[in-house]
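So the sequence shown is residues 1 to 210, counted in UniProt numbering.
Beta carbons: idealized from backbone N, C-alpha and C, even for Gly.
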Amino acid sequence: MIMAESKEPIIRRYEKNPILTKHDVPYPVETVHNAGVVKLGGKYVMLFRSHLRNGRSIIGLAQSRDGLHFTVRPEPFITPAKAGPFAEYEAFGVEDPRICPMEGRYLITYSVYSRHGVRVALAGTTDFERLDRIALITQADYRNVVIFPEKIGGRYARLDRPHSEISPWSIWISYSDEMRCSPCSQARAWEPAELAQIDAWKLRNVSFGL
């Protein structure tokens, strides 16, 4: 039996988009984009990237009761670390948060920029009030990482997007028997990644997010 293709759109765009702009942010920014949203209790929590006027990025936080009308906190949620082991790698900005509910907390992956290139950092929170930086989980020239919220075959899984001028843009997948999240660890528990996707979209559109 062949089912007729539905004429109903899979995704409906909200008629009052955009739901958040730079004019809604109570501190000076030039952009609002690349957001991730999760539900915490009875509220929606959004983490979003903004460019400062100097071109570098920070990550803000907004909350909503209906998922449509958001209020931005007075201060950014993640800014480049000023001291400690992350400071050297976040010197040029923090970008593109991905949020993953995992075992009673929220894991946040985000891109960090410095003179060493771009890497991906992992942080964690239970309430979006306190943030714990955990580890740098990639080497240089990795742009984004998404951690799956459930195990696959009893193992943790993640998607990586290398960011290199030499190789084609692509998506890779890797697995781990444990989620190594001790502070400042390098998360070496992950197996070597396998190529999962390439050339399915135009190269400039290869990405993922949650």
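The beta strand (DSSP E) that contains residue i, what's its start and end?
i	result
T125	117 to 125
P97	93 to 102
I108	105 to 114
V171	First, the amino acid is wrong: residue 171 is Ile here, not Val. 171 to 176 is the span of the beta strand (DSSP E), which, as asked, contains I171.
To the nearest angstrom, how far is the alpha carbon of residue i from that of residue j?
i	j	result
G67	Y44	6 Å
L136	P101	19 Å
E95	D24	19 Å
H163	W169	7 Å
V145	L159	6 Å
R119	Y110	9 Å
R133	I11	34 Å
S182	T126	Unreliable placement is indicated for S182, whose pLDDT of 44 sits below 50; the coordinate value is still reported in the next sentence. Cα to Cα, the separation comes out at about 16 Å.
T138	A91	17 Å
A35	H116	25 Å
residue 214	V29	An answer regarding residue 214 cannot be provided, because it is not within the stretch 1 to 210 covered by the chain.
G41	F128	12 Å
E165	R65	42 Å
M179	A157	9 Å
S114	E88	7 Å
P74	A121	24 Å
Our contact map puts residue i next to residue j with C-beta atoms below 8 Å; I'd like the distance itself, whole angstroms only.
i	j	result
P97	R49	7 Å
L20	F70	5 Å
S176	R143	S176 to R143, Cβ: 20 Å. No contact.
G93	P85	Going by Cβ atoms, the distance from G93 to P85 rounds to 17 Å, so no, they are not a contact pair.
V32	K22	5 Å
L52	I58	6 Å
L107	I147	6 Å
Entirely enclosed alpha helix (DSSP H) segments - the region 130 to 168, minimum 4 residues: none
Those runs of the beta strand (DSSP E) which lie wholly inside the region 4 to 76 and span at least 3 residues: 33 to 40, 43 to 51, 57 to 64
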